[in-house]
Each structure stands twice: as structure tokens, then as C-alpha cells.
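*Asks:* Numbering (this note's numbering), first residue to last: 663 to 744. A virtual CB, placed ideally from N, CA and C, is assigned to each residue, including glycine. What follows is a structure written as C-alpha cells; I'll ask about it next.
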């Protein structure tokens, strides 16, 4: 019996999906035991996954900087007059 490319691709996709589920279950167990590996893996995923609200975050930071710039008075050095 010869596997076609399409069938082989489907098997690989399902195998990858099942491996991903298994990996997440292992990470979930490690996180419940408060292991550092789970935290490190989570931070690694967070580093490479895109932020879905990046535009909102950029606008928020820009507004915050703008407001803080207007709220602060000019910082001129005070000189004594004698």
C-alpha cells in the first residue's frame, strides 16, 4: 500500500497537533507543581507570539508620554540671585 502525498501530509498534521496537545498538558502539570520550566516555556512563547493589541498599546504609551510631558513643569535649574 502506497501513501499519497496528501494522506502523508494529513497524518503529519494530526501527529503534530497531538504532540502539541501532549506538550501543553505536560506544561500544565509542571505549572501546577510550580516548576520553573513551565514559567520559562511560557516566557519563551510570549516572547515570540505577536501581541494582538500592539496598535492599542502603542497609542496608549504615546498618550501617556504626551500627558506626562504636559503635566510636568519646565525643569530649569534654579539659580540664586544675590
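Please list, in chain order, all residues of the same chain as residue 713 whose beta carbon is under 7 Å from its beta carbon, the five residues on each side excluded.
*Replies:* Position 51 of the chain shown holds residue 713. Correct list, in chain order: 719.
*Asks:* Report back the beta-carbon spacing between residue 692 and residue 700 to the nearest angstrom; my notes put them in contact at under 8 Å.
*Replies:* Position 30 of the chain shown, counted from the first residue, corresponds to residue 692. Position 38 of the chain shown, counted from the first residue, corresponds to residue 700. With 8 Å as the limit, residue 692 and residue 700 qualify as a contact, their Cβ atoms being about 4 Å apart.
*Asks:* According to DSSP, is residue 682 part of a helix, a strand, or is it coil?
*Replies:* Counting from 1 along the chain shown, the entry for residue 682 is found at position 20. Residue state, collapsed to three classes: helix.
*Asks:* Assuming the contact rule is C-beta atoms closer than 8 Å, residue 703 and residue 689 should be a hit. Round their C-beta distance to whole Å, please.
*Replies:* Residue mapping note: residue 703 aligns to position 41 of the chain shown, counting from 1. Residue mapping note: residue 689 aligns to position 27 of the chain shown, counting from 1. The pair is a contact, with the Cβ atoms about 6 Å apart (cut-off 8 Å).
*Asks:* Is residue 672 helix, strand or coil when you go by DSSP?
*Replies:* Stepping through the chain shown from its first residue, residue 672 is reached at position 10. Helix.
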